[in-house]
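Colleague: Numbering (the working numbering), first residue to last: 283 to 1250.
From the three backbone atoms N, C-alpha and C, an ideal C-beta is built for every residue, glycine too.
Below: one structure in structure tokens.
Set out below in structure tokens:
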């Protein structure tokens, strides 16, 4: 080491925001153990450490941006070939001796050489004896691929009601075979061809002719109008019984006839031109049929728009005598059908009977002639139907005949035919199920309820009564129907209700809802020991869950509460535990119906809560404080409670700040963070790759470690259980972590391309190729729901508690976006995305709408990001973006709630984040982050940013706060 006069050095210290390449820890200020701790705290990958007689040197692999005043050691920046603790100009550098390190102390410069130092190996100082080494997982042990054989939806009444009906004749079987072959041929036609609308109950002659045939039929109708106008006849529905026929008398004037002729001629010309100019064009495929191996899918409502020509003809026939063209044949058919009912020939009458209209009717008139029903089919009612229109008294007469037929069949014990009359002819589904249940046909009733997609609780109840528990639990888990089904069973079938209640409680524990599980299982006296153990598990988890378990214990097990008296006193007397007291007060206020049981617990903390309120640590309203004091039953305190308490200043959210806040990234750590999610009480779960997963507190201290590989985290809605995933070539290794019991369960290996980033603790959505599945993670990834014939390959997924969005890519047609509404999993929309212009990109709004964005560059101006919002365009300036180097691909956008986050490169070392509030279009905060790309995860008002260099930042937009951590 050599000394040198540095009186001419004008700036002997590094101040402000600088890019440094090292830190110096002086021996005069820190002892050896403290210097070792600081070296580990500031260590980076591929850094170097050296020990001199005067202190220790830490050299970084690459420069980092820091605020010099916030550092513990001396910051060092590169000056020529040496590291220096000051900024030197060229003249000052020429006066200094050659060295590897220059330390400026007032007027004296110490020149140090690395050859005089001892190289340190900080890795040898770490004790890794407490870490668990993981065995390499054999990825050849992949779980078998799910066999997703579509289940044939049961619609044939013979399959549901048995063999009581007359057997099918050989001639009928041949006819059905020919019809099936015809359907298979029709299914292979191009997608742009017209599709015949669904007919229900009975068949008729072809109702959807080719376009030219439609023109011929329309021309025939025109001739009939002219003929009837000249003849003045009104045949009506001839041949019907006198009590039901009501002739209609309509007078058509010459003006009306002329108007009709002109309108029809114009329609014919336009239709002809349209047919000649029509070219096949790709259209969006219809929603594929969804089926599962165990249960039928939830019905997807289908809204078919009636064809214009049919609607026009329907309106025409309602106000004219055109019904004579088809009225005679329909009247003859109805007369024969009524004769069969009067003669008691129910076998044939049921096959000729016309179903009455239902809510599924599209309102379209059916012009064909009914034909004999070839087979007894029960309609699912999943699509619009057409019906024969007749006078109101005729419909009432048919309803009366069907009702009398049902009563007669019921008296004769012909249950199957009676059910058919109720279900298919009268369209009273609930009465049909009640009738089957009354006669002990529970499995048949359950099958029909599934086929009709009745309310989930009703399906579960029928399956339980039919002793089909496997299917009942599948439906209950799929639709979360435990609560309603238990209520339906409790009155008449308590044993089945208790069994279902136990299954319900166990499913809640697998979701991490321990307190809800205790409340569900508590009515079962024999299971209260298990409930008590669940309370102990929740208490051991700590945090808000432990406080909720204490309140639950006070309600359910008040005799055991005295054992917690010392803990409650410590909570009351510790000034630093004000956050826990506030959380306990809020939980107590949620149980106002148990005032007597909670009086002791409320009285133990109410004084401390009032003190916290005055000190500004508690944010309860005056009414909440009054309720807490009333719950404590402290009469003196109720009398002394002032009428008003100090009001706390309103919390200012990020959207309300006057000037944009400026945030910086945390210091670099030495552990990779691959994924992160927030937990309760200021805790976080971090995925550390092959090093496992770790729960840390707000100070970055480790609370719990899970020795399972973790690259991605799937968070449950209640944040008590998670899935951690590790990529292994083309498969994923999956583990489930219970944060309450601090246990990890290896679920095996699965193949999929995309997956949902959240789940309900039990069911999870994954996608692969053209298939999307909802699986039960606790039952061997059993499929609860799936779509296996999507129009494209699944390439992306975005989800939250209410929505699930799928990106599908097709090699020819492009990109599709499918939108499902949760939890019913109803298909809301499916759209084909238009092609993007060069330099543009897409982003998803929170409600599933697709927005476009383009980067606009101009000379001598800041680049502008143009976003196409609904209703117009808006531009956002990106100051600092190098317009010469960027082509738009360096700009990243993310939408979450009312916030838009933009990230872009500003130089070779740093990225900049913009937090823009969409409601006001204001820039509210900027964040500087090193070039190492930060990953982002959003949870309500919480935004987590982290990278592979141990940086972790938690930003809360409701409180306009940033909390930084460096993971070492």
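#1: Three or more beta-carbon pairs under 8 Å between the segment 829-842 and the segment 799-814, yes or no?
#2: Mapping DSSP to helix, strand and coil, what is residue 1197?
#3: Within the same chain, show all residues whose beta-carbon is closer than 7 Å to that of residue 354, passing over the 5 residues directly before and after it, in chain order.
#4: Could you spell out where the alpha helix (DSSP H) holding residue 759 opens and where it closes?
#5: Since residue 776 is in the beta strand (DSSP E), which residue starts that stretch and which ends it?
#6: Can you tell me where the alpha helix (DSSP H) holding residue 826 begins and where it ends?
#7: Within the continuous alpha helix (DSSP H) that includes residue 746, where are the two ends?
#8: Just reading off the alpha helix (DSSP H) that residue 803 is part of, what are its end residues?
#9: Please determine, among 1068, 1156 and 1035, the residue with the shortest C-alpha to C-alpha distance to residue 1133.
#10: Would you kindly work out how many angstroms separate the C-alpha atoms of residue 395 and residue 358, rounded to a whole number?
#11: With DSSP run on the structure shown, which of helix, strand or coil describes residue 398?
#12: Is the distance from the Cβ of residue 870 to the Cβ of residue 853 below 8 Å?
#13: For residue 1228, list the residues DSSP reports as bridge partners.
#14: Taking only three categories from DSSP, how would you classify residue 1206?
#15: Just the C-alpha distance for residue 1162 and residue 378, rounded to the nearest angstrom, thanks.
#16: Starting from the C-beta of residue 885, find all residues in its chain whose C-beta is less than 6 Å away, skip the five residues before and the five after it, and write them out in chain order.
#17: What residues in its chain sit with their C-beta under 6 Å from that of residue 703, if we drop five residues either side in the sequence?
#18: Here's the rule I'm using: 16 or more other beta-carbon atoms within 10 Å means buried, otherwise exposed. How should residue 1173 be labelled?
#19: Can you tell me the Cβ-Cβ gap for residue 1247 and residue 953, rounded? I've got them flagged as a contact below 8 Å.
#20: Would you mind reading off the limits of the beta strand (DSSP E) that contains residue 1046?
#21: Quick check on this structure: which residue in 1000, 382 and 773 has the alpha carbon closest to the alpha carbon of residue 1274?
#22: Is residue 622 helix, strand or coil by DSSP?
#23: Considering only C-alpha positions, which residue in the set 341, 365, 362 and 385 is nearest to residue 401?
#24: As a quick exercise: from 919, 315, 406 and 371, pick the residue whose alpha carbon is nearest that of residue 292.
#25: When DSSP builds the beta bridges, which residues end up paired with residue 1187?
#26: What does a CB cutoff of less than 7 Å around residue 866 pick up in its chain, not counting 5 residues either side in sequence?
#27: Rounded to whole angstroms, how far is the Cβ of residue 1125 from the Cβ of residue 1140, which I believe are closer than 8 Å?
#28: Going by DSSP in three states, residue 1245 sits in which element: helix, strand or coil?
#29: Run through DSSP, which three-state label would residue 350 get?
#30: So, is residue 789 buried or exposed, given that buried needs 16 or more other C-beta atoms within 10 angstroms?
#31: Can you say whether residue 1020 is buried or exposed, counting buried as having 16 or more other CB atoms within 10 angstroms of its CB?
#32: How far does the beta strand (DSSP E) with residue 300 in it reach, from first residue to last?
#33: Can you give me the Cβ contacts of residue 850 inside the same chain, cut-off strictly under 6 Å, excluding the 5 residues immediately before and after it?
#34: Which whole-angstrom value is the C-beta distance of residue 1191 and residue 329, which I expect to be below 8 Å?
#35: Terminal residues of the continuous alpha helix (DSSP H) containing residue 846?
#36: Opposite residue 1015 in the DSSP bridges: which residues?
Modeller: Inspection of the coordinates gives the following:
#1: yes
#2: Strand.
#3: 320
#4: 751-761
#5: Where residue 776 is concerned, there is no enclosing beta strand (DSSP E), although the alpha helix (DSSP H) it sits in stretches over 776-792.
#6: 825-838
#7: 738-747
#8: 796-803
#9: 1156
#10: Separation of residue 395 and residue 358 (C-alpha to C-alpha, rounded to the nearest whole angstrom) is 15 Å.
#11: helix
#12: Judged by beta-carbon spacing, residue 853 lies beyond the 8 Å limit of residue 870, meaning their Cβ atoms are not closer than that value.
#13: 1217 and 1234
#14: Residue state, collapsed to three classes: strand.
#15: 37 Å
#16: 914 and 916
#17: 684, 687 and 688
#18: buried
#19: Not a contact, Cβ separation roughly 11 Å.
#20: 1045-1050
#21: Here the chain has residues from 283 to 1250 only, and residue 1274 is not among them.
#22: helix
#23: 341
#24: 371
#25: In the DSSP output, where bridge partners are listed per residue, residue 1187 has 1193.
#26: 829 and 887
#27: Wrong, their Cβ atoms sit about 23 Å apart, outside the cutoff.
#28: DSSP places residue 1245 in the strand class (E or B) of the three-state scheme.
#29: helix
#30: Classification for residue 789: buried.
#31: buried
#32: In the DSSP assignment, residue 300 falls within the unbroken beta strand (DSSP E) covering 299-308.
#33: Closer than 6 Å at Cβ, skipping near neighbours: 886.
#34: Contact doesn't hold; Cβ gap of about 17 Å is too wide.
#35: It is not in any alpha helix (DSSP H) - residue 846 carries neither H nor E in the DSSP assignment.
#36: Note: residue 1015 is bridge-paired with 1008 and 1031 in the DSSP secondary-structure output.
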